[in-house]
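Numbering (our numbering), first residue to last: 4 to 190. For every residue, glycine included, the Cβ atom is placed at its ideal position computed from N, Cα and C. To start, the structure itself, in structure tokens.
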């Protein structure tokens, strides 16, 4: 019996998803005998996400910038991950991260992906405004990895501005005229 240890290195950039080991035994008295074993690699990536946004308070109609930073966690094996990021109130579908240093579309060990998106505080915003970023992904074996999330909270100041305009017609009016008044309110 001969044993041989093989260490799987995450730095292989995901090119290898299994180990194939062939062995052939030769003898002067018998024909060669060959056997092989295929061992799939069990990837163990773990991710982290940090969401940052305005310190606040913010106002209705104000445009603010949120950033999302996605990395491998310290406990991750650093293997490549196909990442999906969502936010419960902001559409991130067209957001492309910076930091994909080898342009392979996979978050590799050592890479830091940063998404940045502008968001306009809507009239119906809750106060405080809380939103949650969630990162999911699949490893090189197309297996789901545990999702991670981070939230951001900011206070919203409501500063409504109401105006009213009153117009009478005809203007000027004379004795006996019926005057019609029109009131226009804006918010």
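Ignore the nearest five residues each way along the sequence and tell me which others in residue i's own chain have a CB closer than 8 Å to its CB.
i	result
residue 183	171, 172
residue 152	52, 135, 136, 137, 138
residue 39	23, 24, 25, 26
residue 93	69, 120, 122, 134
Less than 6 Å between C-beta atoms, sequence neighbours within five positions excluded: which residues of the same chain meet that for residue i?
i	result
residue 66	121, 123
residue 158	59, 60, 131
residue 43	21
residue 111	83
residue 72	53, 117
Measuring straight from C-alpha to C-alpha, what distance separates residue i and residue j?
i	j	result
residue 14	residue 78	In this prediction, residue 14 has a pLDDT of 49, which is less than 50 and means its spatial position is unreliable; what the coordinates show is noted afterwards. Answer to the nearest angstrom: the Cα atoms are 15 Å apart.
residue 91	residue 25	50 Å
residue 28	residue 35	6 Å
residue 114	residue 188	54 Å
residue 63	residue 95	21 Å
residue 41	residue 104	32 Å
residue 3	residue 160	Residue coverage of the chain in this structure runs from 4 to 190, which leaves residue 3 outside it and unanswerable.
residue 75	residue 101	15 Å
residue 31	residue 146	47 Å
residue 37	residue 106	41 Å
Between residue i and the rest of its own chain, which residues show a CB-CB distance below 7 Å, the 5 nearest in sequence each way excluded?
i	result
residue 140	50, 84, 85, 86, 87, 148
residue 80	13, 46, 47, 48
residue 176	182
residue 180	173
Do residue i and residue j have their C-beta atoms closer together than 8 Å?
i	j	result
residue 118	residue 70	yes
residue 82	residue 142	yes
residue 54	residue 154	yes
residue 186	residue 169	yes
residue 133	residue 156	yes
Does the beta-carbon of residue i have 16 or more other beta-carbons within 10 angstroms, so that it is buried, or is it exposed?
i	result
residue 6	exposed
residue 108	exposed
residue 56	buried
residue 166	exposed
residue 4	exposed
Minimum length 3: unbroken beta strand (DSSP E) runs contained in the segment 122-163: 132-141, 147-157
Runs of beta strand (DSSP E) lying entirely within the segment 44-114, each at least 3 residues, in chain order: 50-55, 66-75, 85-90
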